[in-house]
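Comments concern the structure below.
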Amino acid sequence: NATQLFHMECVASSSCANAIINITDVNAAEIRCYHPRACDGLTIHSDQDDNVKYRFYNYNENVNIFVPTNFTKDNLDCNPNNAYINMNASFSMYLNETVNDLFGGGLPCDGVTYSFTQVDKTDCE
1259 NATQLFHMEC VASSSCANAI INITDVNAAE IRCYHPRACD GLTIHSDQDD
1309 NVKYRFYNYN ENVNIFVPTN FTKDNLDCNP NNAYINMNAS FSMYLNETVN
1359 DLFGGGLPCD GVTYSFTQVD KTDCE
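Going by the numbering used here, the sequence shown opens with residue 1259, and the numbers climb by one from there.
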């Protein structure tokens, strides 16, 4: 069988907003959302639990990821430690305001929700 790959990069504001992506019969996929709000309202359906890697570099609102039964932690990358805070004359003394400004509204995974399509087979431990 040939390797089937899918790669999507959302680089500008609203570039992938409200898109619905169905990933089926793919060995590996990667979705990257670079710009703040580039993926607002994005819905992703995958027929496998661990074939898609998600990378969120900024805040995106109402992102919904549907997988069959298991959340794979290593496939979701939205590590705010990869960012930095520039402390200059306009630096806000309130960290929450600074984070909102840095990531465009909140931390990179604040707006991401995982759901399971085969609830009867989901391990809740």
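Think of the CB as a built atom: it goes at the ideal place given N, C-alpha and C, for glycine as much as any other residue.
Because the structure is a prediction, the values reported are computed rather than measured.
Determine the DSSP secondary structure at residue i, reduced to helix, strand or coil.
i, result
"Val1310", "strand"
"Val1377", "helix"
"Asp1305", "coil"
"Asp1335", "strand"
"Phe1264", "strand"
"Val1370", "strand"
"Asn1280", "strand"
Taking Cβ to Cβ, would you say residue i is nearer than 8 angstroms to residue j?
i, j, result
"Phe1324", "Ile1302", "yes"
"Val1269", "Ala1296", "yes"
"Ile1281", "Phe1264", "yes"
"Leu1334", "Tyr1315", "no"
"Gly1369", "Asn1318", "yes"
"Pro1326", "Asp1307", "yes"
"Asn1285", "Asn1309", "yes"
In the DSSP assignment, find the beta strand (DSSP E) that holds residue i and state where it starts and stops.
i, result
"Ala1287", "Ala1286 to Cys1291"
"Phe1324", "Val1321 to Val1325"
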